[in-house]
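Following: one structure in structure tokens, then a few remarks.
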Amino acid sequence: MGAVIGVEGIHKRYGSTVAVEDVSFEVGRGEIFGIVGPNGAGKTTTVECLAGLRRPDRGVVRVLGLDPGSEGRKLRERLGIQLQQAALPEDLKVGEALDLYASFYKGAPDWRPLLAQWGLEEKWNTRFKNLSGGQKQRLFIALSLVNEPELVLLDEITTGLDPQARRLTWELVRGIRDGGTTVVLVTHSMQEAEELCDRVAIIDRGRVVALDSPEALIRGLPTEASVHLGGIDAEAAETLRPLTGVSRVESEGDEVVVYGGGPLLVRVVVELDRRGITPSDVGIGKPTLEDVFLEKTGKKIRD
Amino acid sequence: MRALHKMTWTESKLFLREPAAVFFTLAFPTLVLLLFSSIFGNGPVPGNPDLRMVDVMAPAYTGMVIATTALLGLPITIAGYRQQRILRRLRATPLHPSVILVSQLLVNLAMTILGIALLLLTAWLVYDLRLPAAPFSLAPAFVAASLSLFAVGFVLAGVLPSARTAQIVGQVVFFPMFFLSGAAGLQPEMFPDALRRVSELLPLTYVVRLVQELWISGTWNLTALLMLVGVLAVSVVVSSMTFRWE
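Protein chains in written order, with our numbering: chain A, 1 to 303; chain B, 1001 to 1246.
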């Protein structure tokens, strides 16, 4: 896994506002790498530094073996970018947009297959202003792929999409990676990052606060898995305490929460069954990337 | 080259899909000619019986076509592109920024020439406009005049934050210039002194002078040409220093 991107200690300030305080990470070939954090954390500035659209005040950036600052146009020849809140002229048609953007790159392949791939076949003659939010977003991603890039930077691609369109977009992004393209995904959605990314850098206030695969970050949490039981009394709950893997049991109103590790759910349910206790409701609580953010920053992220 | 070709072709289509641009560049000047000629008639010009009204008016109205694209079309398009982050998206490609600017120049130049052609053709067919004294000098004169005013348009386009402010500022610059320069068919020679001095400061005044003199007597008004080249040079410098992409 050779590094496609290397970022070392970049800083960027606008006037008195520090956008990026100290960010370092590497991105390996063929992975979906997430840059995750709340709005204003410095994600977009970081991506703009990767694309050579901004120069960091300090620090080193290498992308595909090039320096984005001095070799920006050479780099962008091999790079695909979907910028946050980018747009096209309202009266430009889908096919015209792809044809136009393909002409910007040396030896760009035929763009027509992208229409089918991104579900825009029937919309090729439709003006940009008449597309739905999901179609616009898919067109932007298709535009970022017209040059068959080795690396694609996608900034907030599912903001404003309904859940179904989001799922579809995730599926398509996995398809980009499976086709051999490295993906850098910028998102403020922890759910999206957890779902989609092989590795993530969680950024807050211009600093990287966590960097690993979502699974490893979650595993590293002191928070444990939990089983939520409804409709059993406190006495019954007490019988669960000595079970292997159970660390503590808490009663919250008429709900009992059992914390622990291992195959917790199976053990709890089997024990209750053995004792002839039937809870009215069983649920499991799993720590998520949101909990990682909470743990690292002491605050909740708003989706 | 392929990118410039595609960009220019695409922008031409976008221009023609914008009803306001089509109307004001291609149709409006011809309508003004028809309207004013039907009101004021096409009699001989006072003090110069060799000429009829149309021979003075039609060349003057060409300045209106140029000023419309330069001050109303270009700035609104480009400020809108910046506001909607279209320029930002283009910057994320390997495209050289000059391609965007050159394609805008080419499209607006082509549409201006088309608007001028429609105007002059109508004047010739309907009012028997006399043929130009220096036909081959007119083309370079139109191009020079257009580039000069387009450069002014680029200065506005470079600093105005939105299509809406570009529209307002464009109109504030356009209308006084239109009426005081002679492009509306009024002759600055007949203005009171104060207004005449104002008209001497307007680039469009020199466009009208340049075209009218080439048309009627076939001579280059060198003062007018120099003024326009000066406006071009200053505007290019100012706009290259102030132009903002986002």
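Using N, Cα and C, we set each Cβ at its ideal position, and we do this for glycine too.
Source: prediction; values computed, not measured.
Alpha carbon of residue 300 of chain A to alpha carbon of residue 294 of chain A, nearest angstrom: 5 Å
Amino acids of chain A, ordered along the chain, whose beta-carbon sits closer than 7 Å to that of residue 1084 of chain B: 87
Per DSSP, cross-strand counterpart(s) of residue 1075 of chain B: Answer by DSSP bridge pairing: none, since residue 1075 of chain B is not bridged.
Cutoff 8 Å: residue 1111 of chain B Cβ touching any chain A Cβ: no
Per-residue contacts from residue 1095 of chain B into chain A (C-beta, under 7 Å): 104
Within the segment 89 to 115 of chain A, ranges of the alpha helix (DSSP H) (whole runs, at least 4 residues): 94 to 102
Contacting residues, own chain, Cβ-Cβ under 7 Å from residue 1015 of chain B (five flanking each side not counted): 1021, 1107, 1111
Positions along the segment 1014 to 1027 of chain B whose CB lies within less than 9 Å of some CB in chain A: 1014, 1017, 1018
Own chain partners of residue 1243 of chain B with C-beta closer than 6 Å, once the 5 adjacent residues on each side are dropped: 1158
Top-ranked residue by Cα proximity to residue 1195 of chain B, from B:1185, B:1209, B:1183, B:1176: B:1176
Under 7 Å (Cβ pairs) to chain B, residues found in the segment 65 to 81 of chain A: 73, 76, 77, 81
Residue from A:95, A:203, A:276, A:211 whose Cα sits closest to the Cα of residue 39 of chain A: A:203
Proximity test, Cβ basis, 8 Å: residue 306 of chain A and chain B: Outside the displayed range of chain A (1 to 303) lies residue 306 of chain A, so it cannot be described from this structure.
Opening and closing residue of the beta strand (DSSP E) in which residue 1165 of chain B lies: Where residue 1165 of chain B is concerned, there is no enclosing beta strand (DSSP E), although the alpha helix (DSSP H) it sits in stretches over 1163 to 1181.
Endpoints, the beta strand (DSSP E) within which residue 72 of chain A is located: Counting along the chain, residue 72 of chain A falls outside any beta strand (DSSP E), though it belongs to the alpha helix (DSSP H) covering 72 to 76.
CB of residue 4 of chain A within 8 Å of CB of residue 28 of chain A, strictly: yes
Residue-level contact to chain A via CB, residue 1144 of chain B, 8 Å cutoff: no
Proximity below 8 Å, CB of residue 1149 of chain B to CB of residue 1070 of chain B: yes
Cα-Cα separation, residue 1004 of chain B to residue 1100 of chain B: 8 Å
Runs of alpha helix (DSSP H) wholly within the segment 1106 to 1147 of chain B (minimum 4 residues, chain order): none
For residue 246 of chain A, the residue or residues it bridges with in DSSP: A:260
Chain B contact for residue 156 of chain A (CB, 8 Å cutoff): no
Neighbour flag for residue 1177 of chain B against chain A, beta carbons, 8 Å: no
Candidates A:99, A:262, A:292: closest to residue 284 of chain A by CA position: A:262
Counted within 10 angstroms of its Cβ, other Cβ atoms place residue 1168 of chain B as buried (16 or more) or exposed: exposed
Beta-carbon contacts of residue 1122 of chain B that lie in its chain and below 8 Å, excluding the five residues immediately before and after: 1030, 1033, 1034
Spatial neighbours of residue 170 of chain A in its chain, beta-carbon cut-off 8 Å, leaving aside the 5 residues before and after: 158, 192, 195, 196
Pair within 8 Å by beta-carbon distance, residue 61 of chain A and residue 7 of chain A: yes
Cα-Cα separation between residue 1018 of chain B and residue 1006 of chain B, rounded to whole angstroms: 19 Å
Span separating the alpha-carbon of residue 1160 of chain B from that of residue 1038 of chain B: 39 Å
Per-residue DSSP class, three states only, for residue 303 of chain A: Only weak support is given to the placement of residue 303 of chain A: the predicted model assigns it a pLDDT of 47, under 50, and the value that follows is read from those uncertain coordinates. Coil.
With 16 other Cβ atoms within 10 Å as the buried cut-off, status of residue 1 of chain A: Unreliable placement is indicated for residue 1 of chain A, whose pLDDT of 48 sits below 50; the coordinate value is still reported in the next sentence. Exposed is the call here.
N-terminal and C-terminal residue of the alpha helix (DSSP H) that residue 1230 of chain B is part of: 1222 to 1242
Buried or exposed by the 16-neighbour rule on C-beta atoms within 10 Å, applied to residue 164 of chain A: exposed
Beta-ladder partner(s) of residue 222 of chain A, from DSSP: Answer by DSSP bridge pairing: none, since residue 222 of chain A is not bridged.
Residue(s) in a DSSP beta bridge with residue 39 of chain A: Residue 39 of chain A pairs with nothing; no bridge assigned.
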